[in-house]
Amino acid sequence: MSSSTVFPPTSKPSESVSGVTVRLCGDSGDGMQLLGTQLTNTSALSGNDVATFPDFPAEIRAPRGTRAGVSGFQVQFSAEEIFTPGDGVDALICMNPAALITNLADLKKTGILIVNSDGFEAKDLKLAKLDANPLTDGMLENYRTIEVPMTSMTRKAVEPTGLSVKFADRCKNFFAMGLVFWLYGRDVEPTLRFIENKFAKKPDVAEANRLALKAGWNYGETTEHFASTYSVPAAELVPGTYRNVMGNQALAWGLIAAAKLSDKELFLGSYPITPASDILHELSKHKNFGVRTFQAEDEIAAVCSAVGAAFGGNMAITTSSGPGIALKGEGIGLGLILELPFIVIDVQRGGPSTGLPTKTEQSDLLMVMHGRNGESPLPVIAAQSPGDCFDTAIEAWRIATKYMTPVIILSDGYIANGAEPWRVPEVSSLEKIEVKHPIASTDPDEPFLPYSRNENLARPWAIPGTPGLMHRVGGLEKQDGTGDVSYDEDNHQYMVDTRAKKVEMVAESIGPVEVFGKSKGTLVLSWGGTYGSCRTAVKESIDDGLDVGHVHLRWINPFPKNLESVMRSYDRVLIPELNTGQLQLLIKSKYLTDAIGFNKVKGKPFKVSELVAEIKRVAG
Amino acid sequence: MSTELPVLTDKDFASDQDIRWCPGCGDYSILAQMKKVLASLGKSQEETVFISGIGCSSRFPYYMNTYGMHSIHGRAPAFATGLKSTRPELDIWVITGDGDALSIGGNHFMHMIRRNVDLNVILFNNSIYGLTKGQYSPTSKIGTVTKSTPIGSIDQPINPISLALAAEATFVARSVDTNIKHLRAMMQRASEHRGTSFLEVYQNCNVFNDGIWDYAKSKATKDDSTVELEHNKPLIFSGGDKGIRLNGFTPEVVDLTTGKVAQDDLLFHDESADSSQLAFLLSRMRHPEFPEPIGVFRAVQRPTYDSMINKQVADTKAKVGEGELERLFAGGDTWTVE
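So the protein lines, in turn, are chains A and B.
Each residue of the first sequence is one higher than the last, beginning at 1 in the working numbering.
Each residue of the second sequence is one higher than the last, beginning at 1001 in the working numbering.
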């Protein structure tokens, strides 16, 4: 029986809109993340551009029904190219009072509020620390509120399966899904396939979820709450094959691709830490690519094992977040002075210290630039979106092997857990990465010089097992050329200068910055996960008649060669950052410019509206 | 021209570097025995890797004509685990000391051992921090007077043999820097054992902690102060005059000259016992109450980390085929924009 028979298209009128922002929120156990992911996937599959923002609480299970336990998922799906999950919310679905009270402020005045009325009993209000019931006390009088008894309707709908009340209630999110899918004309096929696969071993549960989904759909179609529905046409994206990706997943895939392109097998030394653990999880699934994942005993063992693998000739990586990168400093420093290629990934989160593990921030830039003893420059590249993580990984490995240096990749919680459509690349079009390992010279009098350098100042990657190239490397300063331990003053100066020069020379291998928008007036200079908000804000400002350009940096060390000249052609440079001014500090000190910082450290991405307001403010 | 592989001597394993250890240091002896053992075992220079941490012991790799890494304090086990997991065919030696392995490196030491990574660890135990000019270490006796403990150290020392056994070590041995024949034999046993082979060596630091192991080294006292462990043989020492017998769970020294105790009554060593109890009991025998055991405490087999991590890769490839990027990207829902 086809899904269009079970889920017939609506007979009610349908209004076409260019985009919708939906936020789903409930208790951590209510399945909002699953619901949000399904909505995202199905929207992407039907051709919308999508952007997501999952908002998890830090604790695994905060007490049920409390504000601390509210889990949310926001997705914007659009007929246009979008870069953010939306500022204001068009449809807010709340499963309980705690979810309502913590999210209501973001609902547009023109928006729809759908609440699970069964979840607003006295005990639920008490858990949410509310004295009165928002459904009756007038709090919602200015909103278009639709009260839906989701719990009871779900229980009734799944009765035929004979599941207990406890299990029946778990299907609530599929009821909500049915309703939301109906309201926005979403295709249920992918979700039906998902239910069949995920619950293949539990046909009762699968059937219950299907029944709940159908009940939600029918509720929308049958009741008078909704006089019409909305539809969001497909967006005009660049032709190709697309799939949805999340940032951490794209990073993992990019690393696997980089390994293939360089004919290497991948080694990951890592330790679980939010929000980076999913990279470890994803890579551990791909042993058939020769991926070896090592869950080390701690962060330091993780980076050291990666350096050990690099010494042996593998493509080596270590992943973490702020607190772990802080621990890895000495290990990364050793990799730096050993001049071995490997990748360090920092998926940034709120800091300092343990900070806010599930909230996004970009406050580790100065740490990765300077957080090692001594003069310790390293190339740093920052991903700008979930899909960009794929390209960033490949680029980082290309540079690491070309210049024989560790490379740091910066991501953040927002990109890591966010999703967007990703155009699947033609594998044959991906450029190979040439890696050479020397063999011993045929001239027995020619000694091997482990620290001799080529035109890129890169030393040879001579790996154990190669006859005739035996050498010893270490953390002590070494003589250029021979690699012998050296305390000579001139040699040390030379090595410090050479290591710095090598990183500067990376600029020869990276592209110029590209300017979006106007070439004079105000330049918005951004980096990392703020790409979407900044691009959208600049677009809107230009639409409002302002002279605004946007440069979004990926390479931060070294800066692209044309950055200075681009900056100097504007009247002012505005640097929005989710920190207290870290890129700003680097730009100001390197170029002696008076860049203006726009800084927010609230654990949330920039709203387009606040960026537009700031652009207008500085543009005068 | 001969088509045979050249036979290497100990000289071939010597690097061109001047050795910087203090004259009289026990490390010279350990270095000399290592070169002899590698040569006698027919090891190759290019397939051998020495990885060290920080300390006098850790200068070792520079003096060997093999591949080597002088890494960071306490972390050699982690570098070694990454290298061995990805290059399992290499022959890896971790060179460490009492500070490097048991202080800052305690964590990594424990995990390398429990993972049973197939490599050899030699811990040069001089009970002092020599490189940094004389501070006490985790194996220093209580009351050790040093620059950082001018009126004596106050913390209980740890026993490396007991610690290794507690970490589920599959091979644990002890030797003495100047007992060169025994030391070579232990290095060879360590090399032959598959899994993490832990060898503690009593090493004398003649500058900062001279003479602490004299009881185990000097001709006058060593026979009475140490007992050589031999598999399936009774514990007999002091030139045959004394033995060790178990009284319940406690070892006791017995006089064999009176004839009242038969050899069969003595504690027999079993290095391959399934459980580590016996080895642990032996590790608790300390001077002066007991002769200290030297030799192999334990030698058992269990799968190594490196073999298992590589087996999982091989098994997965066999089961689902070599990875292809096209298949990876196409798995899951995709859609096409024309």
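Yeah, the Cβ is synthetic: ideal placement off N, Cα and C, and Gly gets one too.
{"Item": "Per-residue burial, Val494/A [other beta carbons within 10 Å of its own, 16 or more giving buried]", "Value": "One detail in the question is off: residue 494/A reads as Tyr in this sequence, not Val. Exposed: under 16 other Cβ atoms inside 10 Å."}
{"Item": "Through-space distance from Pro1293/B to Glu1355/B, alpha-carbon basis", "Value": "A question about residue 1355/B goes unanswered here, because the residues of chain B that appear run from 1001 up to 1338."}
{"Item": "Proximal residues, the region 472 to 504 of chain A versus chain B, C-beta separation under 9 Å", "Value": "Arg472, Val473, Gly474, Gly475, Leu476, Asp484 and Val485"}
{"Item": "Inter-residue spacing [alpha-carbon to alpha-carbon] between Pro1006/B and Thr274/A", "Value": "54 Å"}
{"Item": "Beta-carbon proximity of Ile195/A to Asn173/A, cut-off 9 Å", "Value": "no"}
{"Item": "CB contact check: Met1/A to chain B, cutoff 9 Å", "Value": "In this prediction, Met1/A scores a pLDDT of 48, lower than 50, which makes its location untrustworthy; no coordinate-derived value is stated."}
{"Item": "Top-ranked residue by Cα proximity to Ser385/A, from Val303/A, Glu299/A, Leu553/A and Leu327/A", "Value": "Leu553/A"}
{"Item": "Per-residue burial, Met1187/B [other beta carbons within 10 Å of its own, 16 or more giving buried]", "Value": "buried"}
{"Item": "C-alpha distance - Phe53/A paired with Gly333/A, whole-angstrom precision", "Value": "35 Å"}
{"Item": "Per DSSP, cross-strand counterpart(s) of Gln76/A", "Value": "Thr21/A and Ala51/A"}
{"Item": "Backbone CA spacing between Glu330/A and Cys171/A [nearest angstrom]", "Value": "50 Å"}
{"Item": "Inter-residue spacing [alpha-carbon to alpha-carbon] between Met1285/B and Leu1278/B", "Value": "11 Å"}
{"Item": "Simplified DSSP state of Phe1249/B, which is helix, strand or coil", "Value": "coil"}
{"Item": "Neighbour flag for Gly1082/B against chain A, beta carbons, 9 Å", "Value": "yes"}
{"Item": "9 Å Cβ cutoff met for Pro421/A and Leu237/A", "Value": "yes"}
{"Item": "Inter-residue spacing [alpha-carbon to alpha-carbon] between Arg155/A and Ala168/A", "Value": "6 Å"}
{"Item": "Residue-chain proximity (Asn417/A, chain B), Cβ-Cβ < 9 Å", "Value": "no"}
{"Item": "Heavy atom of the ligand SAH within 8 Å of Ala200/A beta-carbon", "Value": "Only the bare structure without any ligand can be found here, which leaves the ligand SAH out of the picture."}
{"Item": "Sub-9 Å separation of Asn96/A and Leu127/A beta-carbons", "Value": "yes"}
{"Item": "Proximal residues to Arg453/A (C-beta, below 7 Å), its chain only, five neighbours per side dropped", "Value": "Arg459"}
{"Item": "Below-9 Å beta-carbon distance, His286/A vs any chain B residue", "Value": "yes"}
{"Item": "Contact check, Phe1079/B vs Tyr1067/B, beta carbons under 9 Å", "Value": "no"}
{"Item": "Uninterrupted alpha helix (DSSP H) stretches inside the region 1142 to 1194 of chain B (no shorter than 4 residues)", "Value": "1160 to 1166 and 1180 to 1192"}
{"Item": "Own chain residues within Cβ distance below 6 Å of Gly1074/B, not counting five before or after", "Value": "Gly1053, Asp1100, Ile1104 and Gly1105"}
{"Item": "Spatial distance of Thr21/A from Gly581/A (CA atoms)", "Value": "30 Å"}
{"Item": "Residue ranges of each alpha helix (DSSP H) within the region 115 to 154 of chain A, 4 or longer", "Value": "122 to 127"}
{"Item": "Supposed close pair Ala416/A, Asn248/A - CB separation, criterion 8 Å", "Value": "5 Å"}
{"Item": "Three-pair Cβ contact test at 8 Å for the region 249 to 258 of chain A versus the region 392 to 410 of chain A", "Value": "yes"}
{"Item": "Residue of Thr1096/B, Pro1291/B and Tyr1305/B minimising C-alpha distance to Lys1222/B", "Value": "Pro1291/B"}
{"Item": "Residue nearest to Glu508/A in terms of C-alpha spacing, selected from Thr66/A, Ala212/A and Leu457/A", "Value": "Leu457/A"}
{"Item": "Short CB-CB distance (under 9 Å) between Ile542/A and chain B", "Value": "no"}
{"Item": "Residue-chain proximity (Thr151/A, chain B), Cβ-Cβ < 9 Å", "Value": "no"}
{"Item": "Limits of the alpha helix (DSSP H) - the one that Thr319/A falls within", "Value": "Where Thr319/A is concerned, there is no enclosing alpha helix (DSSP H), although the beta strand (DSSP E) it sits in stretches over Met315 to Ser320."}
{"Item": "Completely contained beta strand (DSSP E) runs for the region 1040 to 1090 of chain B, where each covers 3 or more residues", "Value": "1048 to 1052 and 1067 to 1070"}
{"Item": "Residues from the region 235 to 249 of chain A in contact with chain B, defined by Cβ distance under 9 Å", "Value": "Ala235, Glu236, Leu237, Val238, Pro239, Gly240, Thr241, Tyr242, Arg243 and Asn244"}
{"Item": "Cβ of Phe1329/B within 9 Å of any chain A Cβ", "Value": "yes"}
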